[in-house]
Amino acid sequence: MKDKPKKVSRRDFLRWAGVGAASVVTAGSVAALGGCLSSAREEPEAGTKTVFPTVMVNATQTTSGFTPDVELSIEAVQDQVEIFPGKQTLVWRYKGTVTKGDASHLVEIPGSYLGPIIRARKGEKFRVRFTNRIPQSSIIHWHGLHVPEEADGHPRFVIGPGETFVYEFQVDNRAGTYWYHPHPHGNTGPQVYQGMAGLFLISDDEEQGVGFPSGAQDVPLVIQDRTFDANGQLVYLPGGMMDRMQGFLGDQILVNGKPNFNLSVGTRPYRLRLLNGSNSRIYKLAWSDDSPMTVIATDGGLLEKPVQRQYITLAPAQRIELWVDFSKYPTGTKLCLQSLEFSAGASTRGMMGGTSSVPNGAKFDVLTVSVDRAESGSETLPLKLSTFTLPAPEQAINGNKSKRFVLEMERGVWTINRRVFEMTAVAKDEIAKLNTTEAWSFENQIGGMGGGMGGMSLPHPMHVHQLQYRIVKREVAPQGRSDWNTLSAGLVDEGWHDTVLVMPGEKATIVMRFEDYPGLFLYHCHNLEHEDMGMMRNFLIQG
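Numbering (the working numbering), first residue to last: 7 to 549.
Structural data, given as structure tokens:
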């Protein structure tokens, strides 16, 4: 017997629409900040339009006629893991089981707080039954996946402790490295920080025909920073407002949930899948021996051909895949993957020091690679990886005048076009038509803090839900160029993306097509503290 669907009334929509940035977060609240901004803008700006979509939440009901190839049961739970020897750290994490389909669709990372790796093939139909067993409302967002509105994990669909939400979707994405994480408004940062995240890896026929390293030579690496107390417990936002405004930075680097991570390899080619799963930290990744990095894939899957960089700039939520041939190293070699020094922007009055002993842009080791054994592999790096067509700027219906989204601080709150998040509202410039292509520009203003509080300039990794896009242009103001130059050579703008790093003084233009699924979706800064503060908005795709 099917459970009854949870309906959302217009009254609920109107109530949620007024929440905005005033939602409470753990380790403190930004309610006062959001209230300050809201009170200053009681009326919508000129030229905007508010829309309240009439959507029903498919909370626990399965869809008649949808026959899944794979069914998963995923729970968000409170747990303890041994991150440091002899100490049990309290975490929140995802646990999962396969209830239909091959057990290989879920792969656990041994000894890690990270959720199981979900493995899928393009075209497979998934039903995921998510049950929330943590003491906060939550919902799962399938980051980078092209899914219907009701499966995207919008915060208006959150479920409370003990409740269940059923996702149903077909995997339409190209082969690549995607991930999943919570998306409740105001609490995404703390829930991800406490451990709730996992990888979603997709394969397809094209990828399998390339001949990549596989099995033990296909290695996912989730990079995160965390801070712990003397008892090995996670510490979040000890600096309160300053940590929120900057974005929280931990002082210890974890890879796959482990400190001092060592990757043991043989003398053969490997495929390394890197996810920046940190709340706000940017990484400037390079090999300690100055070997160039060979990139084979970005957020949205394989590139057309490999590209090389001396280092890779990886912002929060971004993924990169590397081809690394360790056969050139003798056994016994120790190689470090490092994050190099760069400038991440600054405040004009020094008010954003934060509490981390490892500031954004510091140099440190991320992991060690130990070439421990002699092995032979037959894989060779192909000159051609994939075939696809990216949207052209001239296809955009707004032509040379891209939609402009200005990123700045207003009265102590990070905003987009001087707006903060409203649960179901969109402005006129946030409405798109199904089966059209648009150009958007994210413009990161230097300074812009109102109310006589000084100026602040920080990077913003901008994520758009439900689709992948093309990065077509970057323009940098003179006052932002010195910071931009410290990491710009590591940007990989080729291929498909769902997150673009926008540095202070930079304007990044993207082109994207709205296909298949009408509905209300999100775009936001993936610095999770900025997102929780309200640097997030809806966009509506009208059918």
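In this text, a Cβ means the ideal position worked out from N, Cα and C, and glycines have one as well.
Shown here, N533 sits in coil according to DSSP, grouped into three states, outside any helix or strand. Closest in alpha carbon position to G121, among G150, E212 and R99, is R99.
In the structure shown, the three-state DSSP call for M247 is helix. Fewer than three Cβ pairs drawn from the segment 401 to 420 and the segment 375 to 386 lie within less than 8 Å of each other, which leaves the two stretches out of contact. In this structure the segment 204 to 222 does not touch the segment 239 to 249; the number of beta carbon pairs closer than 8 Å is below three. Sixteen is the threshold: when 16 or more other Cβ atoms of the shown chains lie within 10 Å of the Cβ of F254, as they do, the residue is buried.
Measuring C-alpha to C-alpha distances from V97 to each of G238, R133 and F206 identifies G238 as the nearest. Taking T337 as reference, the option from V271, L207 and T319 with the minimal CA-CA separation is V271. Straight across, the Cα-Cα distance linking Y317 with Y242 is about 30 Å.
In this chain, P196 is not harboured by any beta strand (DSSP E); it is covered by the alpha helix (DSSP H) spanning T194 to Y199.
By the neighbour-count criterion, in which 16 or more other beta carbons inside 10 Å mark a residue as buried, P510 falls on the buried side. P465 sits in coil when the DSSP states are folded into three classes, being neither helix nor strand. D235 sits exposed, since fewer than 16 C-beta atoms from the chains shown fall within 10 Å of its C-beta. Restricting attention to T515, R487 and Q472, the CA atom closest to the CA of N406 is found in T515. Only residues of its own chain outside the window of five on either side were considered, and among them K311 have a CB closer than 7 Å to the CB of L389, listed in chain order. Of all alpha-carbon atoms in R476, S488 and A495, the one lying nearest the alpha-carbon of V506 is that of R476. Contact between Q548 and K439 holds, since their C-beta atoms are separated by about 6 Å, short of 8 Å.
The DSSP assignment places 211 to 216 and 247 to 252 as complete runs of the alpha helix (DSSP H) inside the segment 206 to 266, in order along the chain (cut-off: 4 residues). Rounded to the nearest angstrom, the gap between the Cα atoms of V225 and W502 is 21 Å. Per DSSP, R99 is one residue of the beta strand (DSSP E) stretching across K93 to K106. Contact check for T374 against N268 passes: the beta carbons are separated by less than 8 Å. In this structure N266 is exposed. Its beta-carbon is surrounded by fewer than 16 other beta-carbon atoms within 10 angstroms. Between the alpha carbons of Q472 and G150 lies a distance of about 6 Å.
Fully contained in the segment 300 to 346 are the following beta strand (DSSP E) runs of length 3 or more, in chain order: 307 to 315, 318 to 320, 325 to 331 and 340 to 345.
For R127, the enclosing beta strand (DSSP E) covers residues I123 to R127. Using a 10 angstroms sphere on the CB of N441, the tally of other CB atoms stays under 16, which defines it as exposed.
Here DSSP, grouped into helix, strand and coil, assigns A433 to coil.
DSSP places R487 inside the alpha helix (DSSP H), whose first and last residues are R487 to N491. Boundaries of the beta strand (DSSP E) harbouring P275: P275 to N282, taken from the DSSP string.
Taking C-alpha positions only, L546 is separated from V432 by approximately 7 Å. By the neighbour-count criterion, in which 16 or more other beta carbons inside 10 Å mark a residue as buried, K334 falls on the exposed side.
Here V76 is actually not in contact with I259; their C-beta atoms are around 34 Å apart, not less than 8 Å. Across the structure, M462 and I452 are spaced so that their CA atoms are roughly 7 Å apart.
By the 16-neighbour rule on beta-carbons within 10 angstroms, R410 is exposed. Cβ-Cβ distances below 7 Å link S284 to I229, Q230, D231 and P322 in the same chain, with the five nearest sequence neighbours on each side left out; the list follows chain order. With contacts defined as CB atoms closer than 8 Å, L341 and D295 qualify as a contacting pair.
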